[in-house]
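Numbering (this note's numbering), first residue to last: 1 to 206. By construction, the Cβ of each residue, glycine as well, lies at the ideal position given by its N, Cα and C atoms.
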């Protein structure tokens, strides 16, 4: 089975870094990106290491890169990540994704009942923003909003249908014993969460 690297919504050089890490541990890797710069740089990295690459364009501007390491391929030969241009067109590189970080199932400090009402209203409202988030990150008690029984579950599913990527902290789910109850988004890890935040054009935390 091909090891999957979901780098959609990440700005350069994060997709390349994730691809390099995956290829160091796997011989068959599939990378998903959503911009031409990342596609070209991932291809350059893989090609310089002697890997075979098959690229498929999917609906919504998503590129799937299937990379295999054949005889003679080695990441030791790969071009250094810092030598790959983050803008192959010569124009200024675009800003990173708009990331909303939800670290609690309530909004603000003070009364938790009021905080619950405010968080529900906040999640519902961001659907109608002109500048809605590209990525929603849930960690700590915020993961409770993405599981079965959550009052905002329908809103989160609607945001997913509009193309918003939702990352839910797996460590947090395990801590609260909610791993089997996730109903929106994907179970993620701190490496992907940190990578998303470090490559963000803007981070909003209510």
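| Query | Result |
| --- | --- |
| DSSP-derived helix/strand/coil call for residue 91 | Unreliable positioning characterises residue 91 in this predicted model, as indicated by a pLDDT of 44, which lies under 50. The coordinate reading is nonetheless provided below. Coil at residue 91, not helix or strand. |
| Straight-line gap, residue 29 to residue 131 (C-alpha atoms, nearest Å) | 33 Å |
| Whole beta strand (DSSP E) elements within the segment 25-113, 3-residue minimum | 28-33, 52-58, 62-68, 98-102 |
| Cβ shell of residue 152 (< 6 Å), same chain only, five flanking positions each side left out | 120, 123, 145 |
| Candidates 205, 192, 140: closest to residue 175 by CA position | 140 |
| Residue closest to residue 206, alpha-carbon to alpha-carbon, out of 133, 170, 22 | 133 |
| Paired residues, beta bridge with residue 193 - DSSP | Bridge partners of residue 193: none, in fact. |
| Complete runs of the beta strand (DSSP E) confined to the segment 129-156 [at least 3 residues] | 135-138 |
| Distance between beta carbons of residue 55 and residue 45, contact taken as under 8 Å | About 13 Å separates the two Cβ atoms, so there is no contact after all. |
| Three-way DSSP call (helix, strand, coil) for residue 3 in this model | strand |
| Limits of the unbroken beta strand (DSSP E) element including residue 10 | No beta strand (DSSP E) contains residue 10, which DSSP labels as neither H nor E. |
| Option nearest residue 38 by Cα separation, candidates 2, 166, 96, 70 | 96 |
| As assigned by DSSP and simplified to three states, the class of residue 164 | coil |
| C-alpha gap between residue 27 and residue 118, whole angstroms | 47 Å |
| Residue 12 versus residue 199: straight-line alpha-carbon distance, rounded | 7 Å |
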